Every structure is written in C-alpha cells, then in structure tokens.
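Notes follow the structure.
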Amino acid sequence: MSAREAILGRVRARIPHGPEGARRGAVERRIAEHPRNLIPERGQGDLEHRIRVFTEMMLAVGGTVEVVDDINDVPHHAAVYLRDGNLPARLRRGADPVLAKLPWHRGGALEVTEGPAADEDRASISRAFAGIAESGTIVLISGADNPTTLNFLPEAHIVLLESSALFASYEEAWTRLRALMGEGNMPRTVNMISGPSRTGDIEQTIVRPAHGPKNMHVIIVR
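Position in the sequence shown (from 1) plus 14 gives the number in the working numbering.
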C-alpha cells in the first residue's frame, strides 16, 4: 500500500457511514433551521453595554472607536481623524446611499470621491452592515455600495456603524443578512474585520499592516 492509499484509507475509516438519504436529510435540516452555536454572554446587554464591549474589544486589537449622536457629524469627525493622523484630507467611498447623503461640506476642506479604492487612495470610508459586540468585529458585505477594495487598499479605513446594527453575537448578524438577502442568497463576499491588518508571523512580533489598512477607525452613530 502506498502512502497515499494509507492516508485516504484512514480518512475513509473516519467518515460516518449510513444511508445516503439520512445524511442528506440531516444536512438539509441544518441548512433550513439555522441552528445557533454557543453564544458568549459577553456581548449580551442593552445598547450601552454593547457599545462598551465593542469598544473594548476593538481597542484591544489596535483599532479606534468614537461615538456620535448625530449622523450628520460624521464628515467632521472623519476630517478630524485624518488631520490627527497626518493624512491628506481625501476620502474614497462607495455608492452607499447613506454615505452619499451626508453633509460632506461639514468636513471643511475634505475631498470625497466615489468608487472602488485605487492604489493612490490613502483613506476610505465604508458603511458597515453590522457590528459584533462580543469580538469587536465589523461585518461588511461586498457590492457597489461598499466595494471590498475600500476595506483593504487604503492605509486608513473609517467605518460608519449605526447603533441599530450593533449586535451582541454573530448569529444575530447572520439572521439579519438572511432577512435582507432572502433564503439561500448571499453577497459575493462577507468580510468580518476585527481591527487593523497585522501579523505576528515573524518572531511573534506584531507588524502593521500585513494585508490591509494599518489603521481602522469606527464611528458608531447613535
């Protein structure tokens, strides 16, 4: 027996055997019923609790968070963030209708362009589909409204997160996505991002960035 045959033999021995119909039925039931996994208690609570836990988790991985009461103040806060980070007063955004309607003139000299990110873009802004309190994670779905390139190409990524979309757990976000897209449908890409891009592959020393922005700033809007 060759090494290949030995390995495949061990794999086959561990695959549960039984009627094909029973196995197929179990898979179909799981897909249809959307059973939830164990859900940590950490993110469970009212909005103030979820904001606090999300902020703690995001800060722990090197991201930053600020909370504003009025969505119309987002342009000003974005401009201040860029200024304080010594970045040009330029932002790239997608065609998201909420971002499009913001009063960008409140950002002063801030220049905002629309479309996927390009190599020369230093900063971008996206509107999150959801936020997950338990891990300080942002959920972004691909599309013309929020192109995936905005998440990875610029060195600074600003994310607008509405408080109504800040959930305690991942399961709640998936439930909302199924409600939006319909059963059996998904966007091309769902990105779950926890903080700026980093790696510890070399001598376990954290280096930023690795494969995306080195700075991530979340603006939570009440």
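Quick reminder that beta carbons are idealized off the backbone N, C-alpha and C, glycines included. What you are looking at is a predicted structure, and each value in this text was computed from that prediction instead of being measured.
- Rounded to the nearest angstrom, the Cβ distance from L154 to S177 is 17 Å, too far for a contact under 8 Å.
- The C-alpha of R202 is placed about 21 Å away from the C-alpha of P168.
- DSSP lists V173 as the bridge partner or partners of S140.
- Distance from the CA of F143 to the CA of G35, rounded to the nearest whole angstrom, comes to 37 Å.
- In the DSSP annotation of this structure, the continuous segment of the alpha helix (DSSP H) that includes M195 starts and ends at Y184 to M195.
- By the Cβ-count criterion, D83 is exposed, with fewer than 16 other Cβ atoms from all chains shown falling within 10 Å of its own Cβ.
- Three or more beta-carbon pairs separated by less than 8 Å link the segment 156 to 165 to the segment 130 to 138, which places the two stretches in contact.
- Membership of R107 in the beta strand (DSSP E) is indicated by the continuous run R104 to R107.
- T127 counts as exposed, since fewer than 16 other C-beta atoms from the protein chains shown sit within 10 angstroms of its C-beta.
- Straight-line measurement puts the Cα of R192 at about 12 Å from the Cα of A46.
- Per DSSP, reduced to three states, the secondary structure at E148 is coil, with no helix or strand assignment.
- The beta-carbon separation of D159 and G108, rounded to 5 Å, stays under the 8 Å limit for a contact.
- Residue range T163 to F166 is occupied by the alpha helix (DSSP H) that includes T163.
- In the structure shown, the three-state DSSP call for H90 is helix.
- Distance from the CA atom of E19 to the CA atom of V204, rounded to whole angstroms, is 37 Å.
- For the pair of segments examined, the segment 68 to 78 was found not to touch the segment 98 to 107: the number of CB pairs separated by less than 8 Å stays below three.
- Linking Q58 to F68 through their CA atoms gives a straight-line distance of about 11 Å.
- Rounded to whole angstroms, the gap between the alpha carbons of N199 and G23 is 36 Å.
- It is roughly 6 Å from the alpha-carbon of M206 to the alpha-carbon of I152.
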